[in-house]
Amino acid sequence: MYWFLLFMAGVFESAFAIGLKLCDGFSKPIPSILTAIAIVLSMLMMSMAMRGIPVAIAYAVWVGIGVAGSLALSYLFLEEPISAMQVVSVSLIITGVIGLKITSTG
Numbered sequence: 026m027y028w029f030l031l032f033m034a035g036v037f038e039s040a041f042a043i044g045l046k047l048c049d050g051f052s053k054p055i056p057s058i059l060t061a062i063a064i065v066l067s068m069l070m071m072s073m074a075m076r077g078i079p080v081a082i083a084y085a086v087w088v089g090i091g092v093a094g095s096l097a098l099s100y101l102f103l104e105e106p107i108s109a110m111q112v113v114s115v116s117l118i119i120t121g122v123i124g125l126k127i128t129s130t131g
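Taking the numbering used here, the leading residue of the sequence shown gets 26, the next gets one more, and so forth.
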């Protein structure tokens, strides 16, 4: 359950990162409201996940999911360019996140 919450917190982190771009400095009401909701949900789920996962592990996994998700979403929906080296680098982050999950006792 804790790992599911952490995964969902990372998904909402990706959503709020993209939302920050779309809300244009919080000048657009609907994207701003959706971004604020994503921020609150991400923080709430992250906090709940930390009940059973050590802080350093939870934070690293949360950030890793957020980085990978933000890169993918910005490429797919914002048409931002992505380089081969960025894909390799994010793949290394994902490998690290998997390693943290495998070796975690939480």
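Yeah, the Cβ is synthetic: ideal placement off N, Cα and C, and Gly gets one too. Remember, predicted model here, so these are calculated numbers, not experimental data.
Secondary structure of S67 (DSSP, three-state): helix. For the set F29, G89, G50, the Cα lying nearest the Cα of R76 is the one of F29.
DSSP places K53 outside both helix and strand once states are collapsed to three, so it counts as coil.
Each residue's CA atom was taken as its position, placing A83 and F32 some 10 Å apart. Pairing G89 with A63 gives a Cβ-Cβ distance that is not under 8 Å.
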